[in-house]
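Residue 26 in the numbering used here sits at position 23 of the sequence shown, with consecutive numbering throughout.
Idealized CB from N, CA, C, for every residue including glycine.
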Amino acid sequence: GNYNERINRGVGKDQRISFLPEDTSFNIKTTNDRQRIRNSASMRVGADYYIRDNEVVTISGRYSSNTYGNNLNSTATAYYIDANGQEYGDYYYLTNTLFRTNWSYFTGDLNYMKKFNKPGHEIQIYGSYSTNLSDEINLFSEQMVDDELNPLTGITDSTRTLEDGGGNTLTAKADYTYPFNEKSKIEAGYQVRVSQMDREYKYQTLWESDWMDDPALTNIYDFYRNVQSGYVIFSHLGDKFGFMTGLRTEYTDRLFEPQTMDT
Numbered sequence: 004g005n006y007n008e009r010i011n012r013g014v015g016k017d018q019r020i021s022f023l024p025e026d027t028s029f030n031i032k033t034t035n036d037r038q039r040i041r042n043s044a045s046m047r048v049g050a051d052y053y054i055r056d057n058e059v060v061t062i063s064g065r066y067s068s069n070t071y072g073n074n075l076n077s078t079a080t081a082y083y084i085d086a087n088g089q090e091y092g093d094y095y096y097l098t099n100t101l102f103r104t105n106w107s108y109f110t111g112d113l114n115y116m117k118k119f120n121k122p123g124h125e126i127q128i129y130g131s132y133s134t135n136l137s138d139e140i141n142l143f144s145e146q147m148v149d150d151e152l153n154p155l156t157g158i159t160d161s162t163r164t165l166e167d168g169g170g171n172t173l174t175a176k177a178d179y180t181y182p183f184n185e186k187s188k189i190e191a192g193y194q195v196r197v198s199q200m201d202r203e204y205k206y207q208t209l210w211e212s213d214w215m216d217d218p219a220l221t222n223i224y225d226f227y228r229n230v231q232s233g234y235v236i237f238s239h240l241g242d243k244f245g246f247m248t249g250l251r252t253e254y255t256d257r258l259f260e261p262q263t264m265d266t
């Protein structure tokens with residue numbers, strides 16, 4: 004198991020000057036305070052069980068959780084300077100930009116391996132299941148204030164996007180090898196991989212104290228995938244000539260369903 008936590012902080016100042024006609028300039032001074040976080044934790048466990056010396060079962064699992072984000076608070080002053088050096092048109096505003104994402108996953112594996120008495124004669128059966136969850140938020144807000152940073156109105160211009168979802172994947176496969184002799188062998192295998200994922204994306208605007216969805220910028224969808232494949236290979240390695248011949252086939256079925264488009 005392991006755990007990691009990083010917090011980075013920083014401050015900054017910048018000034019932007021736009022030169023306008025008639026020797027007038029527009030100035031913006033900004034002071035900002037930034038914080039960036041990155042946290043992660045994971046745990047892994049596994050074991051081998053030997054049924055016999057040539058037959059083993061392996062089981063293992065892994066879990067991980069991660070968080071990453073930025074938070075930026077800025078104070079800005081904007082004003083004009085005329086040709087005589089006089090300052091006018093002052094206004095002040097506060098802005099906040101927030102980004103945060105969380106994701107976690109779990110994976111479990113089961114593997115069976117048997118080696119027969121004949122060298123090179125073996126079979127392996129493997130299965131795996133994994134699931135994951137994630138969410139993400141992006142927020143921007145701005146508010147007009149006076150020179151002492153007191154709000155001029157109770158209205159804050161705020162928008163945000165939200166995205167969350169999860170998925171599951173099941174994988175199973177079997178591989179078999181049989182040697183006829185030291186020079187010839189046949190190999191065969193089959194694999195199936197089935198996965199499902201759902202995702203929801205929303206764009207929202209703050210209206211008084213409620214977050215309102217924008218239907219034109221909302222997307223909800225489900226995605227399914229089923230992939231199956233199999234193969235058979237025969238190979239022979241002679242003293243002066245060798246060859247390999249085989250057949251592989253694959254079946255893929257995918258379905259993408261956007262819920263907001265009814266398609």
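- If you drop the 5 nearest sequence neighbours on each side, which residues of the same chain put their C-beta closer than 6 Å to that of Val59? Taking the sequence shown and counting its residues from 1, the one referred to as residue 59 is at position 56. Excluding positions up to five away in sequence, the list reads Asp51, Tyr53 and Met116.
- Query: How is Ala86 classed by DSSP in three states: helix, strand or coil?
  - Reply: Within the sequence shown, the letter at position 83 stands for residue 86. In this structure, DSSP gives Ala86 a state outside helix and strand, which the three-state scheme calls coil.
- His239 - containing beta strand (DSSP E), residue span: Position 236 of the sequence shown holds residue 239. Asn222 to Leu240 is the extent of the beta strand (DSSP E) around His239.
- Message: Rounded to whole angstroms, what is the Cα-Cα separation between Gly15 and Asn141?
- Response: Sequence index remark: in the sequence shown, residue 15 carries index 12 (1-based). Sequence index remark: in the sequence shown, residue 141 carries index 138 (1-based). Going by the C-alpha atoms only, they are around 21 Å apart.
- Message: Short of 6 Å in beta carbon distance, which residues of its chain neighbour Glu8, apart from the five on each side in sequence? Order them along the chain.
- Response: The count along the sequence shown starts at 1 and reaches residue 8 at position 5. Asn42.
- Between which two residues does the beta strand (DSSP E) containing Lys32 stretch? On the sequence shown, position 29 is the one that residue 32 refers to. Segment Thr27 to Arg55, the beta strand (DSSP E) holding Lys32.
- Message: Residues in the same chain with beta-carbon distance under 7 Å from Pro154, minus the five sequence neighbours each way, listed in chain order, please.
- Response: Along the sequence shown, read from residue 1 onward, the residue named residue 154 stands at position 151. Cβ within range, chain order: Gln146 and Val148.
- Query: Just the Cα atoms here: how many angstroms apart are Gly123 and Pro182?
  - Reply: Here the question's residue 123 lines up with position 120 in the sequence shown. Here the question's residue 182 lines up with position 179 in the sequence shown. Roughly 6 Å separates the two Cα atoms.
- Enumerate in chain order the residues of its own chain whose CB-to-CB distance from Tyr66 is below 6 Å, with the five nearest sequence positions on each side excluded. The residue labelled residue 66 in the question sits at position 63 within the sequence shown. Correct list, in chain order: Met46 and Phe109.
- Message: Ignoring anything shorter than 4 residues, give me the alpha helix (DSSP H) runs that lie fully in the stretch 110-142, in order along the chain.
- Response: none
- Within the same chain, show all residues whose beta-carbon is closer than 6 Å to that of Tyr227, passing over the 5 residues directly before and after it, in chain order. As a first step, residue 227 is located in the sequence shown; it is residue number 224 there, counting from the start. Leaving aside the five residues that flank Tyr227 on each side, the residues in its chain whose CB is nearer than 6 Å to its CB run, in chain order, Gln199 and Leu258.
- Among residues of its own chain, excluding the 5 on either side of Glu190, which ones have a beta-carbon nearer than 6 Å to its beta-carbon? Here residue 190 refers to the residue found at position 187 of the sequence shown. Excluding sequence neighbours, Glu190 sits near Thr180 and Ile236.
- Query: In the DSSP assignment, what are the bridge partners of Glu253?
  - Reply: Counting from 1 along the sequence shown, the entry for residue 253 is found at position 250. Glu253 is bridged to Ser232.
- Item | Simplified DSSP assignment, three categories, for Pro24 | For this step, residue 24 is matched to residue 21 along the sequence shown. In the structure shown, Pro24 sits in coil (DSSP, three-state: anything other than H, G, I, E or B).
- Query: Going by DSSP, which residues form a beta bridge with Phe102?
  - Reply: On the sequence shown, residue 102 is found 99 positions in, with the first residue counted as 1. Its beta-bridge partners are Asn73 and Asn141.
- Item | Residues of its chain near Ser68, where Cβ-Cβ distance is below 6 Å and the 5 sequence neighbours each way are ignored | Translated into positions along the sequence shown, residue 68 becomes position 65. These residues qualify, in order along the chain: Ala44 and Ser107.
- Message: Let me check understanding here. Comparing Cα to Cα, which of Glu125, Asp167 and Asn120 lies closest to Asp138?
- Response: Locating residue 138 in the sequence shown gives position 135, where the first residue counts as 1. For Asp138, the nearest C-alpha among the options comes from Asp167.
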